[in-house]
Amino acid sequence: MSAPTIAGSSCAGRVIALLSAWPGVRTAPADCGVGVGVGTLTGQILHFHDEAYADLRLTRPVIDRMREALAHSRRIFMVPGDDWIGIRLETPSDVALLVTLVSVAIKASLGLPSPVAAAAGPSCGAARPRVGAPG
Ligand SMILES: [Zn+2]
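Take 17 as the starting number for the sequence shown in my numbering and just add one per residue.
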């Protein structure tokens, strides 16, 4: 149980500061045990595992709907069949993209019946090897 070490000046820190101002959004240690989690009443939808990488529970129906647009971004990593996507945060436009996607994810999570949300569990990217990281 390490304490979150996300600096406020980092990309992740900026997103956390922005989202903290949204009604109903709360931050806490990520429920996977790595980094910082951001969630709503229905559970955590966003994990920052370090200052430049986030996993977002965009949910599969939304991912399917947005797949083409998401696939165009070199910052976004998708795993087939997964509710979560990975996002690398390096520039202000990455921050803006993530904030936009979080608002989509919040709407998506509100539409899910809670047993589905609960069954999803901590299946974020912390449990699997990262793909697509530039060398
Ligand atoms: Zn996580």
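Even glycine gets a Cβ: it sits at the ideal position worked out from N, Cα and C.
Note that the coordinates shown come from a computational prediction; the quantities given were computed from them, not determined experimentally.
Assigned exposure category for residue i - 16 Cβ within 10 Å defines buried
i, result
"Gly127", "exposed"
"Asp98", "buried"
"Leu35", "buried"
"Thr21", "exposed"
Endpoints, the alpha helix (DSSP H) within which residue i is located
i, result
"Ile32", "27-36"
"Ile122", "108-127"
Extent of the continuous beta strand (DSSP E) to which residue i belongs
i, result
"Leu62", "59-66"
"Thr21", "Element bounds for Thr21: n/a, residue is neither H nor E."
"Val165", "Limits of the chain in this structure are 17 at one end and 151 at the other, which puts residue 165 out of reach."
Residues sharing a beta bridge with residue i, DSSP
i, result
"Leu72", "Leu62, Ile101"
Neighbour flag for residue i against chain D, beta carbons, 9 Å
i, result
"Pro39", "This model lacks chain D altogether, as it is built from one protein chain only."
Three-state secondary structure (DSSP) of residue i
i, result
"Arg91", "coil"
"Pro96", "coil"
Distance cut-off 8 Å: residue i Cβ against heavy atoms of ligand 1
i, result
"Ala142", "yes"
"Cys27", "no"
"Ala85", "no"
"Gly102", "no"
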